[in-house]
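Numbering (this note's numbering), first residue to last: 18 to 171.
Every residue, glycine too, gets a C-beta built ideally from N, C-alpha and C.
These numbers were taken from a predicted model, which means no experiment stands behind them.
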């Protein structure tokens, strides 16, 4: 079932009143998340961003141990430079790359305290858990549904 664009817009509006301004668009690879985000960017003037732009040279050059503490501020600066009312973040699988030594869900939530984000989450959402399949490994992120706006694409 397709997710109406209006439902996502309402989700963003609702999330904008929370400390963490985050909406997750959850669907398996090929479900149309990227197209929906690009359509929203065209319709609303929101900024469509591939998460790869957040992995700057500065992050790559720092010691892996330092990344969890320093990456959020560097990534936040990159998002601020986009000057977007809402950031549509796609391709977050890159954040799960083990060599980066990042914890993606807390990182995304931290970024959403300063920026309104709609994040394409490649996987499933069932029973209060986000599931992401990445390079043959399954990642589970338990979250409380009342904290986040989750829109599932079937």
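query                                                                                                                                                   : result
Return the first residue and the last residue of the beta strand (DSSP E) that residue 41 is part of.                                                   : 39-44
Give the range of the beta strand (DSSP E) segment to which residue 131 is assigned.                                                                    : Counting along the chain, residue 131 falls outside any beta strand (DSSP E), and DSSP gives it neither H nor E.
If I measure Cβ to Cβ from residue 109 and keep anything under 8 Å in the same chain, skipping five residues before and after, which residues do I get? : 68, 121, 125, 136, 137, 138 and 139
Using the C-alpha atoms, what's the distance from residue 171 back to residue 18?                                                                       : At residue 18, the pLDDT of 41 sits below 50, so the modelled position is not reliable; the number obtained from the coordinates is stated separately. Going from the Cα of residue 18 to the Cα of residue 171 covers about 6 Å.
Three or more beta-carbon pairs under 8 Å between the stretch 84-94 and the stretch 45-58, yes or no?                                                   : no
In the DSSP assignment, the alpha helix (DSSP H) including residue 57 goes from what residue to what residue?                                           : 50-61
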